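Accompanying notes for the structure given below.
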Amino acid sequence: MTEGTSTIDNVSRIADAQNDPLGSRPTGTERADIDALIKRVAQQDEEIERQLAWLKIALRQTDDIFWDYDLSSSVLRAFSYEEPFGLKEREYANFPEYGIETGLVHADSIGSIREFFQKIRNGVPEGSGRFLLNDHLSGTFVWSTLYFRTLSDENGTPLRAIGVRNNSSTRFSQIGATAERDVVPETLFPHLFAFLKADPETGGIELLAYQGIEQNGVRSARTYDECLKKGVEHLFSAEDEAALRSQFSLDRLLARYHEGVRWSGGRYRFVDSDGTIHSVLVGTNVRKSLRTGKLEILSYLCELGQIVQWETKTATALAHNPITRLYTPDSARNILRVISAESSLSARCSVTMFKLVGMERLVELDRTRAQHLKRDIGLAIIVFLGTDCVVYDQDTDTLVVVIPDVGTDANAQKRAGDALAATRTSLEDALSEADVNIVAGTSCGPTQLLDLDMALSQAEMLCALHRDPSRDAVTFAPEASEEPADESTGGVVWAESESAKAKAHFDKLSARAFTRCLSAMLEADSPGASINRALESLGSFYRADRVYVLSVAAKDQMLAVLFEWMIGNRTSVQRSFTGQSVDRFPLIKRYLETNAPVLVSRPAAMPRSARSYDREPWRFAIVPIDRTNERSMMLCVENPHANLSRWGVASRTAPHILHAWTQLSAHPRHASFGAGSLGQLPDDHAFEHACRSCTPDNCSSIGVLAIDMPCAQDIVSSRGLSHAFDTVSLIARTATETFGADSLFHTGDTEFIVLCRDTTYESFIQRCARVRAQLLQACSGEFRLGSTWSSDVSSLAHLVDEARMIMVRDDGCNPFNDDEAPEPASGPALLTSLGTASSVEAHFDVYLQPKIDMRTGALVGAEALARSIDDHGNATAPIGAIEQMERDGKIRDLDYFVFDRTLSLMNDWHIKGLGLVPMSSNFSRSTLLGSSALASVLAIMSRYPDVPPNMMEMEVTETACDLSKTTFAHLVDTFRETGLRVALDDFGSHYSSAAILANVNFDAIKLDRNLINDVPHNDSSRLLVKSIVEICNNRHMTCIAEGIETEAQASALVEEGCYYCQGFYYDKPMPADDFERKYLLNGASN
């Protein structure tokens, strides 16, 4: 074979013990059966369907995927057997174009897979091809080989093709799972052609895999040197043969090891089992096993196709460091310019700087040893990071890796972390002896906008912040200063103004933070992304819980959260603030007119038990952005913990946020979006088709957003048809701009559904919040919105129903004044009337039922229960009334009334010096799903600042579990973040799935009386209760039994570990005055 030519002569392949070519498809009985089956399939259409059924059965015996391609319709059907689900059949229309458009085919394989299927349509009898395809089980791209045979009619016209898909990468992952994790990192699978593991003491081969298939015959029949000799002769060019045999012989590798060299490698040309020539990297590591302490040889054969393509397109000559053989900085920049120019708008790249801590000292002590070690580290990083990256040598102790299309930031984090761990394992003894550690810092951003110098500065700063000489580290985001928080005891602290003293606080640390913030904004690909980057940088600098841009309309004083950043798994506050009056939030209203940053610090409430509450003060900062005749904009920093005297960073960032917002708001709004545009939107039929085509194999997650304009006829009557139509058009345009036209469906006269595929829950919720914020500013009160998300795409029909249900219960819509509203008043309207002679207060009262420790009889809490009061003053359980209020949408009025009255009672006890008893009240699913639920709860709580939030518990009925797992968990976490406890009420009354206990973070579980009625004499019931108690204990949840009526029930529950209860056996619900006299004045609560 001559390099540079397309002709290959005398290419043979290594054979295993059965004389089968290495890497070829299995022969023998299994292959013969399949071939015979395929031939029979060709007889007629009816026979085809019958034989496909036999193919489905055969799938139980293999991990491969069988597929059938109809040439007339371009429909591809795939069949696989998946444990524990059994046989799976998936259908793809218009293939391969459908696979390309939906991301099933990697961008690098688009051209080749089109050529592959064109061969099938041209009637090529049989063939194969290797492509990067999405694996629906792992959700990642893997190397797959497709084999096919074309079936024709009696006239020779091709009708269909039947074939097999073999996932090489998946097989590599199975092989890697049997060895140490750091031997073959997961990110290496798509680039790995072959892998070998050998014992240098015996020369025997312990593991040999080729294109993901383990070669058992070769492993048992040959030694390392024999395998090397045969492989070099038959798989590599004559020009490379001598170099390979010399460099990778066993004697040579061991001699180099004793010289201090752990890695050997180089580029070569390789011929695969299909006769295709590849440029490959061969890297061989001799290391001491951490498990056995013995030497072992690990050899990797990696694809270099992507790097070769980049180099070919680079006009200038490329230079390499003579020691490490890595690119020089100038050569790497030339390659990156080519990559950046060709990258897509959506591509993201990562720049990782690897600092070799201790290398400079090693150079002074032993230069040769340092050179060997650095070269080893560079080669290991290239192998373990994968060969779709650019690696160059920056200076004595620094290597730089750029991955031009890393996908997500999370993927960049995983790849860098895995590569560093594998590199450390491969060089453990050498790194330890030299006292060298590796610290990595990673910066991510759009590939087209890559500013390498800026990215390197950020990565270097990360390395400097985390350079711990005792351990390796990988860091990914700038962290706030470690400056201790101010120990302010309360009041208002004016942070910075235009005074000379304030300017003096803008020190070097502030300047660096401000520079990082501006850099993040500049590298963003849109004004909106620029603002998000700024908020993220400020949140990290001040180590805050949340940072958001708040707008207050001058006309109606309504709030809107325009942009928001939050730490970790915090929940969004957009829904809580947006559409609410500033009067609801006195703190914001008080400092609405401020011209300088203000920091409010409130001391933590001192509880009776220091273990129960956080003693750290709560802080809130407001930084003005802009104020006009139409609105005021401010930057809100919630609960900052660091740099509390450096508000100059936020102040100087504010004008840049305003500039980005001005650019964003000035963007054209597609004025042509009118009647024609609405008519062109996909309708309900297209929506049904989209739902059917959305399956687990082509969609990893789904978010559903439902929006409509209720009371349409009333709006038309009062405000005209033109206004109603403009509102509907605005809803459609807003959803289209946020989610894209392909995701929006016009499913009813005034209803729209968005199907948002393959996005994270956090991203989907933020988009939904953005839609709500924009619609509230434009058509407040004239729309309803509901959303839900799940990673279980098979439940899409249920998710659509759920989104519509949440939309219908959205209490944020009321286009009329209270006196003319056809619907009941919303939660916020109720809050303004609480404490007056409201209808709820006139017909209901709050009774308290004690919760008891059955071991001691002591009071541990109480539940607040609503009781109906008739004309004679008699109290009854309002079961029928509650059901009617659920249907009428008035149940939220009752829920808020009981919640407010309970907190009021607790506040009165505190004033009287009676102490506080943990309390709970019920919230229906309808109330919790209201858009103002969180704001209403917070507003009520704000009236009673002396009542610690976690002394109050919200009881959520089990029917709320009908929501998707993710939506329900998010709902619970949202209220728990306010400090309230959340309990699952009536567990066992609905469907009693223990899975809900594992997936949702409750504070307490209340067992329904149906579960404990026969506990004293039924072993099955006792076992069930015991199991639930064990789950609660493992999840740190309190287990409470309801409806205890006998001593036998109480004794049986205590024996099974359930210690707390409420029920008539101990006490029935009673008026608050009676509870106070019996349990508080008499000291029973103690």
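Residue numbers (full-length UniProt numbering): 1 to 1086.
Note that beta-carbon positions come from the ideal geometry of N, C-alpha and C, so glycine has one too.
Note that the structure is predicted; figures quoted are calculated from it, not measured.
Helix, strand or coil for residue i per DSSP?
i: residue 1172; result: The question about residue 1172 has no answer here: the residues shown for the chain are numbered 1 through 1086.
i: I1028; result: helix
i: L450; result: coil
i: F725; result: helix
i: D749; result: coil
i: H320; result: strand
i: N1034; result: helix
i: D1074; result: helix
i: E296; result: strand
i: L1053; result: helix
i: I882; result: helix
i: P771; result: The sequence shown places Val at residue 771, rather than the Pro named in the question. V771 falls in the helix class under three-state DSSP.
i: C389; result: coil
i: P96; result: coil
i: K965; result: helix
i: I377; result: helix
i: S249; result: coil
May I ask which residues mark the beginning and end of the alpha helix (DSSP H) holding residue i?
i: W310; result: 305-313
i: C699; result: Counting along the chain, C699 falls outside any alpha helix (DSSP H), and DSSP gives it neither H nor E.
i: M807; result: 796-808
i: N329; result: A small correction: the amino acid at residue 329 is Pro; Asn does not occupy that position in the sequence shown. 329-342 is the extent of the alpha helix (DSSP H) around P329.
i: L929; result: From DSSP, L929 is part of no alpha helix (DSSP H); its letter is neither H nor E.
i: H982; result: Residue identity check: residue 982 is Val in the sequence provided, not His. Where V982 is concerned, there is no enclosing alpha helix (DSSP H), although the beta strand (DSSP E) it sits in stretches over 981-987.
i: Y224; result: 224-235
i: F620; result: Here F620 belongs to no alpha helix (DSSP H); instead the beta strand (DSSP E) covers 618-627.
Who are the Cβ neighbours of residue i in its own chain at under 7 Å, not counting the five residues just before and after it?
i: G674; result: For G674, the predicted structure reports a pLDDT of 42, less than 50, and the residue's modelled location is therefore unreliable. A value from the coordinates is still provided. Hits under 7 Å: S729.
i: A242; result: none
i: P655; result: none
i: V1000; result: F968, A969, V972
i: G265; result: L281, V282, G283, T284, L379
i: G988; result: L1007, D1008, N1010, L1011
i: C389; result: V401, V402, I403
If you compare alpha carbons, which of the options is closest to residue i?
i: Q448; options: C349, R546, A421, F514; result: C349
i: A416; options: V351, S432, Q663; result: V351
i: R369; options: L159, N1034, A434, A862; result: A434
i: M454; options: C694, L509, L518; result: L518
i: W263; options: F541, R424, H798, E226; result: R424
i: A255; options: I297, V282, R222; result: I297
i: G92; options: R361, C699, D376; result: According to the sequence as given, residue 92 is Tyr; it is not Gly. The residue with the shortest Cα to Cα distance from Y92 is C699.
i: D429; options: D871, H320, L295, T314; result: L295
i: S432; options: L456, P446, L373, V383; result: L373
So, at 6 Å on beta carbons, what are the nonlocal neighbours of residue i in its own chain, with the 5 sequence-adjacent residues on each side left out?
i: S551; result: A560, L562, R631, M633
i: M606; result: Low per-residue confidence applies at M606: pLDDT is 38, beneath 50, and the placement is therefore not dependable, though the value from the model is reported in the following sentence. Answer for M606: no residue qualifies.
i: N437; result: V357, D472
i: C768; result: L705, S787
i: residue 1088; result: The chain is shown only over 1 to 1086; residue 1088 falls outside these bounds and no answer can be derived.
May I ask you to list the residues that DSSP assigns as paired with residue i?
i: V184; result: According to DSSP, V184 bridges with nothing at all.
i: P158; result: S152
i: T284; result: S264, S299
i: D708; result: E751, R784
i: W661; result: Bridge partners of W661: none, in fact.
i: H278; result: F270
i: K589; result: Paired residue(s): none; K589 is not in a bridge.
Go to residue i, then tell me how far its beta strand (DSSP E) extends in each direction, as first and last residue.
i: D853; result: 844-853
i: V561; result: 559-566
i: Y548; result: 546-553
i: T594; result: No beta strand (DSSP E) holds T594; DSSP gives it neither H nor E.
i: residue 1088; result: Given a span of 1 to 1086 for the chain in the structure shown, any question on residue 1088 remains unanswerable.
Closer than 8 Å by C-beta to residue i: which residues in its own chain qualify, once you throw out the five before and the five after it? Chain order, please.
i: N629; result: A554
i: G156; result: G123
Against chain B, does residue i count as a neighbour if the rule is that its beta carbon must be under 9 Å from one of theirs?
i: P682; result: Protein chains in the displayed structure number just one, and chain B is not present.
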